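Numbering (the numbering used here), first residue to last: 756 to 1118.
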Ligand code: SF4
């Protein structure tokens, strides 16, 4: 990427697409690929400023904070190439069985104190079936809900039956985390023990049960810009409510330990492209934020992010939550986001259609 003057043709097309999204329209894949292929830093900053306007229009200054607790760590039967918890890789990552009630309630209290909207129980296993483990998981969700301190979320892998999804919903689950991870095309490059279709099917059961969907992916695994673009469109298609963007933090001992890091501007550009494609969703910057973005972390909001994963990740450290809260305060952003109904994501009935005449934003 080179620092050259803003390209007038690119500026004009960006201006058109930005106004189209602000007016409630959608961009198509060809337009999205134009955004993903912007190269010059001046053009990328132009893109970021539009993404920021789109975030402000649909999200105001509200920032949705989430945290996770590793509810069952390590020894996972799956072979995801980016993951420290896979039994296929030697990473020295901790291993323990399903979590007791106390650490979950402590995490809820801490989250509440820090204005964090949700705590997600995350388990390192292939998935969840009917049986004693489902009973135990439902107990933890019920306890989390009863604490009244946080939204009870979970990420429990692949689900193969509607009954399991319904049980989770009955226990009080509000949002289920299940990333598509990458494009359908790239998926077999990082996992062969389950399929992209398994993931889409799981999301279908959860949606049918009335649970909100948190689904995104990981960038920087060696995928192309086309793969990132297709991921964003797939997330639009499945109706994800929260879209976590993780940036690969290559873990020693995993097959991806030597994958080169994405440049910071490429990361920010990707977030901005996601905001154009998913204007009303929560776009959450999750794993790999601190190590990949360093001093540019606060730029994620300018790039259109409206949510942050705070506290430590599953196997790696994040910056202290106090530092994140200070960053939001310094930027005039509000983490006290307690509307859990996702109603700001509803599109007007005519949301698909938008023509030049409908545009209300002055040039
Ligand atoms: S990403 Fe999830 S399913 Fe894949 S190896 Fe890690 S814990 Fe297992």
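Virtual Cβ for every residue (Gly too), placed ideally from N, Cα, C. Here the structure is a predicted model, which means the values were calculated and not measured.
Please classify residue i: is it buried, with 16 or more other beta-carbons within 10 angstroms of its beta-carbon, or exposed?
i	result
residue 1035	buried
residue 801	buried
residue 922	buried
residue 785	exposed
residue 766	exposed
residue 815	exposed
residue 821	buried
residue 864	exposed
residue 999	buried
residue 798	buried
residue 895	buried
residue 1106	Confidence at residue 1106 is low in this model, with a pLDDT of 46, below 50, so the placement of that residue should be treated as unreliable; the coordinate-derived value is given next. By the 10 Å Cβ count, residue 1106 comes out exposed.
residue 804	exposed
residue 1025	buried
residue 720	No answer is possible for residue 720: the residues shown for the chain start at 756 and end at 1118.
residue 890	exposed
Alpha carbon to alpha carbon, how far is residue j from residue i? Give it in angstroms, no decimals.
i	j	result
residue 908	residue 878	12 Å
residue 794	residue 861	46 Å
residue 898	residue 926	9 Å
residue 928	residue 920	9 Å
residue 819	residue 1039	8 Å
residue 826	residue 839	15 Å
residue 955	residue 918	17 Å
residue 904	residue 796	43 Å
residue 853	residue 902	19 Å
residue 974	residue 817	25 Å
residue 769	residue 977	27 Å
residue 1013	residue 980	20 Å
residue 1089	residue 1083	7 Å
residue 935	residue 789	23 Å
residue 970	residue 1001	11 Å
Is the beta carbon of residue i within less than 6 Å of some heavy atom of the ligand SF4?
i	result
residue 831	yes
residue 909	no
residue 841	yes
residue 879	yes
residue 835	yes
residue 838	yes
Taking DSSP's pairing of strands, which residues face residue i in a bridge?
i	result
residue 771	Answer is none; residue 771 lacks a bridge partner.
residue 821	873, 1064
residue 841	831
residue 969	932, 997
residue 1002	974
residue 851	828
With a threshold of 6 Å, establish whether the CB of residue i neighbours any heavy atom of the ligand FAD.
i	result
residue 893	As presented, the structure is devoid of the ligand FAD, carrying the ligand SF4 as its sole ligands.
If we require 3 or more residues per run, which beta strand (DSSP E) segments fall completely within the region 878-955? 906-910, 930-932
May I have a chain-ordered list of the alpha helix (DSSP H) segments no shorter than 4 residues that lie completely inside the region 1010-1046? 1019-1032
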